[in-house]
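Undergrad: Quick one: structure below, then a few questions.
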Amino acid sequence: MKGFLDYKDGNSIFHKMNPLSKLFLAVVLCAMCFVSSNIYFVAGVIVINLLIAFAAGIHKMALSILSGLLKLSIVLFIVQVLFVRSGNALFTIPGLNLPITDDGVYFSLLFVLRLLATALPLAVMLSVTQMSDLANVMVSKLKIPYKYAFAVITVIRFIPVFASEMAGIIESQTARGVEFDTKNIFRKIGLIIPLCVPLLISSVKKIDSSAIAAELRGFNRRTSKSGYKKYPFGGNDIFAVLICAVVITAGIMI
């Protein structure tokens, strides 16, 4: 998932929205997946996220997230199905005497769909929003102290950095003959765990340099009035409100 959570420049209606509207839209899409227990509704939320991604020109990123979560979803589905005992038995696994129930299949499918549906909105929102704009609107509109907003944005900003750093470490180890392409998942985990040490050392160095840079730029002197950019609500934000209204209404009715 190269470029995960990186800002993708564009001129779509979602790029032009107020950052607060995009954040509200993402929160609503995530929350409504847990309000409704209807599989078709949750699947519809996934479709809405994909349509937003296509409209914003970041569909490749959205599809890569779905494909990346597919293997994890299959594992979680199997585990959930095997441990749910309520409901009517559809069939029994030969040799293990484990019944597969209709409730188990339903709740396992709902669980997996919720995982996919809640992973997309925030990723799509962050891909069409500048981190500086998101931090400024959190401080100016939501009245969140700048230090807390800066901490949240910094964590998000460092996720792709650490992912790229880990990929570089794996490539260097592969060049030294370490077989990371093994199909044995347990052996692969055993090879990756020791790499956390150099990643941790590199992360501490980056965080320390970032903290020094922030201090030199007068971080402690910044207040909620330090931002100069204004974020007015416009016609594009009405579209976000309409999507939220449709999703909330459909979730409650279904």
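Following my numbering, the numbering of the sequence shown begins with -8 at its first residue and continues without gaps. Ideal Cβ positions, reconstructed from N, Cα and C, are used throughout, including at glycine.
Kindly confirm or deny that the segment 64 to 77 and the segment 96 to 104 touch, where touching means at least three C-beta pairs closer than 8 Å.
TA: yes
Undergrad: Are the beta-carbon atoms belonging to residue 235 and residue 19 less than 8 Å from one another?
TA: yes
Undergrad: Should residue 233 go down as buried or exposed, given a rule of 16 or more other Cβ atoms within 10 Å for buried?
TA: exposed
Undergrad: Check for me: the alpha helix (DSSP H) holding residue 15 runs from which residue to which?
TA: 10 to 26
Undergrad: Determine whether the beta carbon atoms of residue 115 and residue 40 lie at a separation below 8 Å.
TA: In this structure, residue 40 lies closer than 8 Å to residue 115 by Cβ.
Undergrad: How should residue 228 be labelled, buried or exposed, when 16 other C-beta atoms within 10 angstroms of its C-beta is the threshold for buried?
TA: buried
Undergrad: Judging by CA-CA distance, which residue of 241, 179, 77 is the nearest neighbour of residue 164?
TA: 179
Undergrad: On the three-state DSSP scale, how would you describe residue 60?
TA: helix
Undergrad: Have a look at residue 94 and residue 30 and give me their C-alpha separation to the nearest angstrom.
TA: 13 Å
Undergrad: Skipping 5 residues on each side, what residues in its chain have a beta carbon closer than 7 Å to that of residue 10?
TA: 120, 124, 125, 128, 222
Undergrad: Could you tell me how far apart the beta carbons of residue 47 and residue 3 are, in whole angstroms, since I believe they sit closer than 8 Å?
TA: Cβ-Cβ separation between residue 47 and residue 3: approximately 5 Å, consistent with a contact (criterion under 8 Å).
Undergrad: What residue does the beta strand (DSSP E) around residue 248 start on, and which one ends it?
TA: With the chain covering -8 to 245 only, the question about residue 248 has no answer from this structure.
Undergrad: Determine the extent of the alpha helix (DSSP H) in which residue 240 is found, giving its start and end residues.
TA: 226 to 244
Undergrad: So residue 33 packs on residue 67, CB below 8 Å; how close in whole Å?
TA: Contact flag wrong, Cβ pair sits at about 15 Å.
Undergrad: On the criterion of 16 or more Cβ atoms from any shown chain inside 10 Å, does residue 17 qualify as buried, or is it exposed?
TA: Around the Cβ of residue 17, a 10 Å sphere holds 16 or more other Cβ atoms; the residue is buried.
Undergrad: If you draw a straight line from the C-alpha of residue -1 to the C-alpha of residue 139, how long is it?
TA: Computed Cα separation, rounded: 25 Å.
Undergrad: Can you grab the Cα-Cα spacing for the pair residue 231 / residue 28, in whole Å?
TA: 24 Å
Undergrad: Starting from the Cα of residue 113, find the closest Cα among 63, -3, 130 and give me that residue.
TA: -3
Undergrad: Along the alpha helix (DSSP H) that carries residue 81, what are the first and last residues, could you check?
TA: Element bounds for residue 81: not the alpha helix (DSSP H) but the beta strand (DSSP E), 80 to 84.
Undergrad: When DSSP labels each residue in this structure, what does residue 135 get in the three-state scheme?
TA: coil
Undergrad: Just tell me which of 1, 7, 8, 26 has its CA closest to the CA of residue 245.
TA: 26
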